[in-house]
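Trainee: Here's a structure for you.
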Amino acid sequence: MTKKLLIVDDEAEICEFLKSFFEDRDFKVATAHNGAAALEQVARFEPEVVLLDIQMPGMDGLQTLKKIKDNHPKVKVIMVTAVETQEKIEEAMRLGADNYITKPLSLEYLEKDVQDKIDLLAKGT
Amino acid sequence: MRPSVPNARRLSGPRACNEEGPPVLKKTAFSHVRTPKTLLKKSLVALVLFFLGALSAYLLPFLLPSSATWVPWVHHPLLPIFVMTVIFVAAHKPIERLIKKLLEKYFFQKKSFAQMTLMDLAGDLAVNLDLQEIANLVVNTFGEVLQLKTVTLLVPDPLQNNFEVASAYGWTISASKKVRLAVDTPLLKMVHQTGPHILMRGPVLQSLSWQEANALARDLDSLRAGWVIPLFVKGELVGLLAFGALVPDTVFDQGDFHFFREFSAAIGPCLHNALVVKRLRQLNFELQDSQSQWVQKTKLNAIEKLAAGIAHEIHNPLAIISGKAQVLLMQKGPKQLEPNVQDALNTIVKQTRRAADITRKLLLYSQGSRGPQEWVSLEKVLDETLALLAYQASLDKIEITRSLDPELPRYRANMQEIREIFLNLLLNAVEAVGQEGKITVEMKYRREEEILEITCSDTGKGIPEEHLDKVFNPFYTTRHEAVGLGLFVTQQITHRYGGSIRVESQVGVGSMFILQLPCSAETARNGDGEKHGESIFSSKSGR
Chain H
230 MTKKLLIVDD EAEICEFLKS FFEDRDFKVA TAHNGAAALE QVARFEPEVV LLDIQMPGMD
290 GLQTLKKIKD NHPKVKVIMV TAVETQEKIE EAMRLGADNY ITKPLSLEYL EKDVQDKIDL
350 LAKGT
Chain G
87 MRPSVPNARR LSGPRACNEE GPPVLKKTAF SHVRTPKTLL KKSLVALVLF FLGALSAYLL
147 PFLLPSSATW VPWVHHPLLP IFVMTVIFVA AHKPIERLIK KLLEKYFFQK KSFAQMTLMD
207 LAGDLAVNLD LQEIANLVVN TFGEVLQLKT VTLLVPDPLQ NNFEVASAYG WTISASKKVR
267 LAVDTPLLKM VHQTGPHILM RGPVLQSLSW QEANALARDL DSLRAGWVIP LFVKGELVGL
327 LAFGALVPDT VFDQGDFHFF REFSAAIGPC LHNALVVKRL RQLNFELQDS QSQWVQKTKL
387 NAIEKLAAGI AHEIHNPLAI ISGKAQVLLM QKGPKQLEPN VQDALNTIVK QTRRAADITR
447 KLLLYSQGSR GPQEWVSLEK VLDETLALLA YQASLDKIEI TRSLDPELPR YRANMQEIRE
507 IFLNLLLNAV EAVGQEGKIT VEMKYRREEE ILEITCSDTG KGIPEEHLDK VFNPFYTTRH
567 EAVGLGLFVT QQITHRYGGS IRVESQVGVG SMFILQLPCS AETARNGDGE KHGESIFSSK
627 SGR
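Here the protein sequences line up with chains H and G, keeping their order.
Just so we're aligned, residue 230 is where the first sequence starts under our numbering, counting upward by one.
Just so we're aligned, residue 87 is where the second sequence starts under our numbering, counting upward by one.
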């Protein structure tokens with residue numbers, strides 16, 4: 230089974246970097262730079278896990294999260310934040326985010342977390 | 087002695103209006119006055135009049151021209167009595183006035199001296215603007231000079247909308263301070279009705295229905311007073327001078343009351359001025375306070391915006407730098423890097439995390455206590471923080487010991503902020519100690535004071551005295567690689583919880599940071615109750 234991951238960040242370099250990191254680990258990776266593109270990719274690419282930046286121009290991460298969870302409740306979403314703004318994290322968890330991780334990222338932790346989410350999906354939960 | 091009498095006359099302006107008013111009070115205020123002084127005066131007048139009359143009757147035949155001796159009524163036995171009666175009627179008023187003057191001059195000098203002292207005081211008070219000082223002087227001098235049992239001065243408290251005791255004589259300050267008269271209490275209602283007239287307990291109570299009398303008596307009892315002098319300035323009640331006499335049946339005469347009125351008219355304006363000054367000071371203080379709060383808030387908002395902006399801009403490049411280094415470090419097998427390269431990459435990962443911490447701390451500081459609050463086990467947070475530092479400490483031969491109160495309560499706070507406190511204090515200590523030394527963290531709950539005390543001491547290089555007051559300033563640091571936000575943030579968090587932090591230090595010996603957080607016994611109990619299982623665990627391991 231191919232592991233599919235969508236990376237959403239307005240910073241192209243972050244997307245590229247994470248893309249190559251996960252592709253090296255046998256993931257199939259798609260990227261999006263804003264909320265609208267992310268929603269489109271979720272529908273078309275059907276990822277299992279989405280890494281979603283909270284702070285984005287236009288539709289922000291929280292709004293995008295809500296729409297993803299509304300339309301594709303099975304997709305696991307890990308929020309990526311530049312800073313731990315407690316309110317936003319709480320809001321994200323309330324909206325159904327599956328975890329959050331702060332930048333700079335610990336890749337080891339991130340990889341493990343993404344893998345965990347995929348394992349959970351495989352078990353059907 | 088100052089020329090106080092003219093002064094008193096001048097200040098007695100409102101006297102005219104004092105003479106008017108409801109007749110019922112005027113009647114009751116003076117109808118019971120019978121002092122020894124009055125009796126003495128009356129008998130002296132009678133004696134002098136009798137002597138004058140007798141003398142005139144005796145001398146009458148000698149004074150008449152000799153030609154008149156034949157007139158039959160000259161020898162009438164009722165003539166001396168008639169003459170005496172005429173003398174009595176004609177000379178009564180002047181003689182009484184004369185006697186009164188003589189008596190006041192020679193026999194009641196003590197009393198007029200007392201009055202002069204008090205009027206002198208009133209003159210002195212005119213230049214004083216300190217309410218407390220005025221109140222103390224008034225009650226003490228009034229009480230001492232007139233030898234009263236209690237004297238209490240009440241002044242209006244515009245914030246609470248009631249009257250509070252400014253100073254008391256003859257009973258303890260602590261007892262008197264408990265007395266507060268709301269503006270709708272019977273006594274104040276009465277005073278507002280009757281105006282500047284002196285209230286006398288007995289007559290006033292008699293003139294009221296029993297319910298009203300009871301209610302008023304309660305107010306007077308609470309003040310331990312038999313008399314109340316209202317102090318009015320331009321129609322505004324600026325104070326009440328209540329007093330009780332040493333002897334139960336003491337009565338004051340008309341002269342005394344006249345003096346009380348003059349005295350109250352003299353001190354009223356002083357009190358009024360002092361009250362205005364006090365209110366102005368209060369307002370000024372409030373203004374300053376809200377202004378500084380506003381400035382602080384604006385500053386914090388600006389910092390928050392800046393920090394959030396910086397965080398977003400900086401954390402992305404940091405994520406990439408750190409990420410690339412981590413990718414290299416994860417390489418296994420033949421691709422594995424040399425140890426020195428691995429070291430360099432580890433440093434890069436660590437330092438990017440530190441750089442990110444700066445903006446994180448700034449944000450934490452500027453956002454205030456907005457994070458969720460929970461029951462925090464301080465011991466658990468401390469241990470987690472110590473675990474973070476253990477690696478560095480073991481490298482540098484630093485011994486970290488902890489000494490915890492076995493009955494440490496849980497504390498309601500934002501976990502992250504508490505972690506921040508420990509981390510900053512410990513990081514600071516580790517830096518101070520350098521290569522080798524000891525760090526001790528002590529936590530105890532001072533039950534009587536309801537204070538949670540966290541002490542972090544080190545055997546480091548110490549802080550020079552001239553820097554002690556700067557260590558909590560933002561961006562103050564003695565190290566090149568540090569930012570200088572740690573202790574500042576710690577202080578801000580501590581203040582947010584209503585606590586305090588201070589430092590004691592000696593160069594070459596070490597430093598000790600003492601952090602105190604208020605933690606009421608009530609709160610501590612609740613915290614214990616919430617997760618009992620864990621609290622047993624934490625108190626056990628704290629031993």
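Where a beta carbon is used, it is the ideal one built from N, C-alpha and C, also for glycine.
The structure presented is a predicted model; accordingly, all values stated were derived computationally and were not measured.
Could you tell me whether the segment 311-319 of chain G touches the segment 213-231 of chain G, using the rule of 3 or more Cβ pairs below 8 angstroms?
Mentor: no
Trainee: With distances taken between CB atoms, is the gap from residue 244 of chain G to residue 323 of chain G smaller than 8 angstroms?
Mentor: Within the second sequence, the letter at position 158 stands for residue 244 of chain G. Within the second sequence, the letter at position 237 stands for residue 323 of chain G. It is not a contact, given that the beta carbons lie outside the stated cut-off.
Trainee: For the segment 245-270 of chain H, enumerate the residues whose C-beta is nearer than 7 angstroms to any C-beta of chain G, in chain order.
Mentor: 246 and 250
Trainee: Mapping the DSSP letters down to three states, classify residue 595 of chain G as helix, strand or coil.
Mentor: For the purposes of this step, residue 595 of chain G is identified with residue 509 of the second sequence, where counting begins at 1. Residue 595 of chain G falls in the coil class under three-state DSSP.
Trainee: Residue 344 of chain H CB to nearest chain G CB: under 8 angstroms?
Mentor: Working through the first sequence from its first residue, we reach residue 344 of chain H at position 115. For residue 344 of chain H, the answer is no, since every Cβ of chain G falls outside 8 angstroms of its Cβ.
Trainee: Would you mind reading off the limits of the beta strand (DSSP E) that contains residue 330 of chain H?
Mentor: The residue labelled residue 330 of chain H in the question sits at position 101 within the first sequence. Run containing residue 330 of chain H: 328-331, per the beta strand (DSSP E) assignment.
Trainee: Chain G beta carbons: is any one of them nearer than 8 angstroms to that of residue 333 of chain H?
Mentor: On the first sequence, residue 333 of chain H is found 104 positions in, with the first residue counted as 1. Chain G contact via Cβ: present.
Trainee: Within its chain, find whatever has a CB closer than 7 angstroms to the CB of residue 585 of chain G; leave out the 5 residues flanking it on each side and keep chain order.
Mentor: Numbered from its first residue, the second sequence carries residue 585 of chain G at position 499. Here the set comprises 601, 602, 603 and 604.
Trainee: Using the rule of at least 16 other Cβ atoms within 10 Å of the residue's Cβ for burial, across every protein chain shown, is residue 322 of chain H buried or exposed?
Mentor: Here residue 322 of chain H refers to the residue found at position 93 when the first sequence is read from its first residue. Exposed is the call here.
Trainee: Per DSSP, what kind of secondary structure is residue 312 of chain G in: helix, strand or coil?
Mentor: Mapped onto the second sequence, residue 312 of chain G falls at position 226. Residue 312 of chain G: coil per DSSP, three-state reduction.
Trainee: Looking at C-beta atoms only, is the number of pairs between the segment 252-269 of chain G and the segment 212-226 of chain G that lie closer than 8 angstroms three or more?
Mentor: yes
Trainee: Should residue 242 of chain H be flagged as near chain G, meaning a C-beta pair shorter than 8 angstroms?
Mentor: Translated into positions along the first sequence, residue 242 of chain H becomes position 13. Interface criterion met: the Cβ of residue 242 of chain H is under 8 angstroms from a Cβ in chain G.
Trainee: By the three-class DSSP mapping on this structure, what secondary structure does residue 261 of chain H have?
Mentor: Here the question's residue 261 of chain H lines up with position 32 in the first sequence. Three-state DSSP puts residue 261 of chain H in a strand.
Trainee: Just tell me which of G:175, G:539 and G:373 has its CA closest to the CA of residue 131 of chain G.
Mentor: Here residue 131 of chain G corresponds to residue number 45 of the second sequence, with the count starting at 1. Nearest C-alpha to residue 131 of chain G: G:175.
Trainee: Give a yes or no on whether the minimum CB-CB distance between residue 442 of chain G and chain H is below 8 angstroms.
Mentor: Here residue 442 of chain G is taken as the residue at index 356 of the second sequence, counted from 1. Chain H, which has a Cβ nearer than 8 angstroms to the Cβ of residue 442 of chain G, makes this yes.
Trainee: Under a three-way DSSP split, which group does residue 211 of chain G fall into?
Mentor: On the second sequence, position 125 is the one that residue 211 of chain G refers to. In the structure shown, residue 211 of chain G sits in a helix (DSSP, three-state: H, G or I).
Trainee: Could you give the distance in angstroms between the alpha-carbon of residue 537 of chain G and the alpha-carbon of residue 510 of chain G?
Mentor: Working through the second sequence from its first residue, we reach residue 537 of chain G at position 451. Working through the second sequence from its first residue, we reach residue 510 of chain G at position 424. So the alpha carbons of these two residues sit roughly 21 angstroms apart.
Trainee: Reducing DSSP to helix, strand and coil, say where residue 177 of chain G ends up.
Mentor: The count along the second sequence starts at 1 and reaches residue 177 of chain G at position 91. The answer is helix: DSSP assigns residue 177 of chain G an H, G or I state.
Trainee: Are the beta-carbon atoms of residue 127 of chain G and residue 185 of chain G separated by less than 8 angstroms?
Mentor: The sequence position of residue 127 of chain G within the second sequence is 41, counting from 1. The sequence position of residue 185 of chain G within the second sequence is 99, counting from 1. Yes, these two residues count as a Cβ contact at 8 angstroms.
Trainee: Determine the burial state of residue 137 of chain G: buried for a count of at least 16 other Cβ atoms within 10 Å of its Cβ, exposed for fewer.
Mentor: On the second sequence, residue 137 of chain G is found 51 positions in, with the first residue counted as 1. It counts as exposed.
Trainee: With a 10 Å radius around its C-beta and 16 neighbouring C-beta atoms as the bar for buried, classify residue 532 of chain G as buried or exposed.
Mentor: Mapped onto the second sequence, residue 532 of chain G falls at position 446. Residue 532 of chain G is exposed by the Cβ-count criterion.
Trainee: Does the distance from the CB of residue 84 of chain G to the CB of residue 597 of chain G come in under 8 angstroms?
Mentor: Absent from the structure is residue 84 of chain G, since the part of chain G shown begins at 87 and ends at 629.
Trainee: Between residue 209 of chain G and residue 363 of chain G, what straight-line distance do the alpha-carbon atoms span, to the nearest angstrom?
Mentor: Working through the second sequence from its first residue, we reach residue 209 of chain G at position 123. Working through the second sequence from its first residue, we reach residue 363 of chain G at position 277. So the alpha carbons of these two residues sit roughly 18 angstroms apart.
Trainee: Can you list the residues of chain G that residue 284 of chain H reaches, using a CB-CB cut of under 8 angstroms?
Mentor: In the first sequence, residue 284 of chain H corresponds to position 55, counting from 1. Neighbours of residue 284 of chain H on chain G, chain order: 398.
Trainee: By the criterion of Cβ-Cβ separation under 8 angstroms, what are the contact partners of residue 336 of chain H in chain G?
Mentor: Along the first sequence, one-based indexing puts residue 336 of chain H at 107. Under the 8 angstroms cutoff, chain G gives 409, 412, 413 and 416.
Trainee: Rounded to whole angstroms, what's the CA-CA distance from residue 302 of chain H to residue 241 of chain H? Just pull it up for me.
Mentor: Translated into positions along the first sequence, residue 302 of chain H becomes position 73. Translated into positions along the first sequence, residue 241 of chain H becomes position 12. Roughly 27 angstroms separates the two Cα atoms.
Trainee: Residue 632 of chain G by DSSP, collapsed to three states: which one?
Mentor: Lying before the first or after the last residue shown, residue 632 of chain G is absent from chain G, which here runs from 87 to 629.
Trainee: What does the alpha-carbon distance come out to for the pair residue 116 of chain G and residue 306 of chain G?
Mentor: Here the question's residue 116 of chain G lines up with position 30 in the second sequence. Here the question's residue 306 of chain G lines up with position 220 in the second sequence. Its pLDDT being 36, under 50, residue 116 of chain G is placed unreliably by the model, and nothing is read from it.
Trainee: Excluding the five sequence neighbours on either side, which residues of its own chain have a C-beta within less than 8 angstroms of the C-beta of residue 291 of chain H, listed in chain order?
Mentor: Start at 1 with the first residue of the first sequence, and residue 291 of chain H comes out as number 62. Excluding sequence neighbours, residue 291 of chain H sits near 283, 317, 320, 321 and 324.
Trainee: Within the same chain, show all residues whose beta-carbon is closer than 7 angstroms to that of residue 236 of chain H, passing over the 5 residues directly before and after it, in chain order.
Mentor: Position 7 of the first sequence holds residue 236 of chain H. Closer than 7 angstroms at Cβ, skipping near neighbours: 244, 247, 248, 258, 260 and 280.
Trainee: Let me see if you follow: with CB-CB separation under 8 angstroms, is residue 406 of chain G close to chain H or not?
Mentor: For the purposes of this step, residue 406 of chain G is taken as residue 320 along the second sequence, with counting starting at 1. Closer than 8 angstroms to some Cβ of chain H, the Cβ of residue 406 of chain G qualifies, so yes.
Trainee: Residue 401 of chain G touches chain H at which residues, Cβ-Cβ below 9 angstroms?
Mentor: Against the second sequence, residue 401 of chain G aligns to sequence position 315. Residues of chain H whose Cβ lies closer than 9 angstroms to the Cβ of residue 401 of chain G are, in chain order, 310, 311, 312, 331, 332 and 333.
Trainee: What separation, rounded to the nearest whole angstrom, lies between the Cα atoms of residue 337 of chain H and residue 377 of chain G?
Mentor: The residue given as residue 337 of chain H occupies position 108 in the first sequence. The residue given as residue 377 of chain G occupies position 291 in the second sequence. Those two C-alpha atoms are separated by around 49 angstroms.
Trainee: Anything in chain H within Cβ reach of residue 439 of chain G, meaning under 7 angstroms, just list it in chain order.
Mentor: Residue mapping note: residue 439 of chain G aligns to position 353 of the second sequence, counting from 1. Near residue 439 of chain G (Cβ distances below 7 angstroms), the residues of chain H are 333.
Trainee: Tell me whether the segment 327-347 of chain H and the segment 397-410 of chain G touch, counting them as touching only if at least three CB pairs, one residue from each stretch, are closer than 8 angstroms.
Mentor: yes
Trainee: Look at the Cβ atom of residue 450 of chain G, then the Cβ atom of residue 397 of chain G, and state whether they are nearer than 8 angstroms.
Mentor: Here the question's residue 450 of chain G lines up with position 364 in the second sequence. Here the question's residue 397 of chain G lines up with position 311 in the second sequence. No.
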